[in-house]
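> Take this structure first; my questions come after.
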Amino acid sequence: MYEILTTYREELLYSLAVLILLMIIQFVLKKAANKVGKRSEINITRTRLMFKYINILIILIAAFLLAFAWGVGLTDLSLIFSSVFAVIGVALFAIWSILSNITSGIIMFFSFPYKIGDTIRIHDKDMPIEAEIEDIKAFHLHLRTSEGELITYPNNLILQKAVSLIEVERRHDDGKEAL
Numbered sequence: 018m019y020e021i022l023t024t025y026r027e028e029l030l031y032s033l034a035v036l037i038l039l040m041i042i043q044f045v046l047k048k049a050a051n052k053v054g055k056r057s058e059i060n061i062t063r064t065r066l067m068f069k070y071i072n073i074l075i076i077l078i079a080a081f082l083l084a085f086a087w088g089v090g091l092t093d094l095s096l097i098f099s100s101v102f103a104v105i106g107v108a109l110f111a112i113w114s115i116l117s118n119i120t121s122g123i124i125m126f127f128s129f130p131y132k133i134g135d136t137i138r139i140h141d142k143d144m145p146i147e148a149e150i151e152d153i154k155a156f157h158l159h160l161r162t163s164e165g166e167l168i169t170y171p172n173n174l175i176l177q178k179a180v181s182l183i184e185v186e187r188r189h190d191d192g193k194e195a196l
């Protein structure tokens with residue numbers, strides 16, 4: 018054990034420093050997302066979704082930095098990452114609507130003016146919708162019409178259509194109406 022510690026001392030120290038730095042960055046990013054969520058009265062489940070995106074970003078950065086620390090050359094790293102991203106790019110192009118909905122979900126987290134409990138009207142020429150926002154997910158909104166019908170509406174479409182606020186009904190995260 019002592020031999021391993023002395024042989025790889027620099028790599029272990031660099032790895033430890035990278036992990037500590039990335040944990041601090043992750044903490045700061047999560048604090049910022051939580052602050053934005055609270056300030057904008059965003060439901061806690063949507064804030065937790067942002068936490069998942071932050072975790073994925075930190076893992077990717079950690080993989081890159083740790084591979085570099087343990088002697089993987091820059092040309093090898095660029096080959097690996099370009100190959101991986103090429104495969105991911107082809108896969109995402111094949112399923113572009115999913116990527117579009119995830120991106121829309123991130124945009125909606127920071128700038129969507131409507132909250133859970135609000136009644137909205139979506140101005141669609143083919144199928145106008147008036148419903149209450151029941152939930153906001155990573156890929157879609159759950160809308161409940163006055164007839165009780167549940168509509169799943171994609172996030173990318175909600176950003177492309179004109180939307181009117183009909184009625185504001187604020188609820189706490191536990192689902193009870195605010196006084």
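Using this note's numbering, the first residue of the sequence shown is number 18, and each one after it goes up by one. The beta carbon of each residue, even a glycine, is placed where N, CA and C say it ideally should be. These numbers come from a predicted model, not from an experiment.
Let me confirm a value: A148 is counted as buried when at least 16 other C-beta atoms fall within 10 Å, else exposed. Which label applies?
Result: buried.
> Just the Cα atoms here: how many angstroms apart are S32 and E184?
Approximately 53 Å between the Cα atoms of the pair.
> Apart from the five residues just before and just after A179, which ones in its own chain have a Cβ nearer than 7 Å to its Cβ?
So the list reads H140, once near-sequence residues are dropped.
> For I71, which residues from the same chain have a beta carbon less than 7 Å from its beta carbon, with the 5 sequence-adjacent residues on both sides left out?
The answer, listed in chain order, is Q43, L46, K47 and A50.
> Report buried or exposed for S128, applying the criterion of at least 16 other Cβ atoms within 10 angstroms of its Cβ.
Flag for S128 reads exposed.
> If we ignore side chains and look at the alpha-carbon of each, how far apart do F85 and D93 end up?
Rounded to the nearest angstrom, the two C-alpha atoms are 9 Å apart.
> Who are the near neighbours of T3 in its chain, counting only those whose CB is closer than 6 Å to its CB and skipping five residues on each side?
Nothing about residue 3 can be reported from this structure: the residues present for the chain run from 18 to 196 only.
> Just grab the DSSP bridge partners of I123 for me.
Paired residues: none, contrary to the question.
> Distance check for I137 and L38, CA to CA, integer angstroms please.
So the alpha carbons of these two residues sit roughly 43 Å apart.
> Grab the span of the beta strand (DSSP E) containing E151 for me, first residue to last.
Here the beta strand (DSSP E) through E151 covers I146 to I153.
> Just grab the DSSP bridge partners of S181 for me.
Answer by DSSP bridge pairing, in chain order: R138.
> In this structure, does DSSP put I168 in helix, strand or coil?
In the structure shown, I168 sits in a strand (DSSP, three-state: E or B).
> Among residues of its own chain, excluding the 5 on either side of I153, which ones have a beta-carbon nearer than 6 Å to its beta-carbon?
Result list for I153: R63, in chain order.
> Any chance you could list the alpha helix (DSSP H) runs of at least 4 consecutive residues sitting entirely within the segment 23–93, in chain order?
With a minimum length of 4 residues, the continuous alpha helix (DSSP H) runs that stay inside the segment 23–93 are 26–56 and 61–86.
> For I197, which option in L22, N60 and L176 has the closest C-alpha, if you only look at C-alpha atoms?
Past the edges of the chain, shown from 18 to 196, lies residue 197, and the structure says nothing about it.
> DSSP three-state call for E20: helix, strand or coil?
In this structure, E20 counts as helix in the three-state DSSP scheme.
> Which residue from L116, S181 and P145 puts its Cα closest to that of A155?
With distances taken between Cα atoms, A155 lies closest to L116.
> Among L96, I105, M67 and T24, which one has its Cα closest to the Cα of S121?
When each option's Cα is compared against that of S121, the closest is M67.
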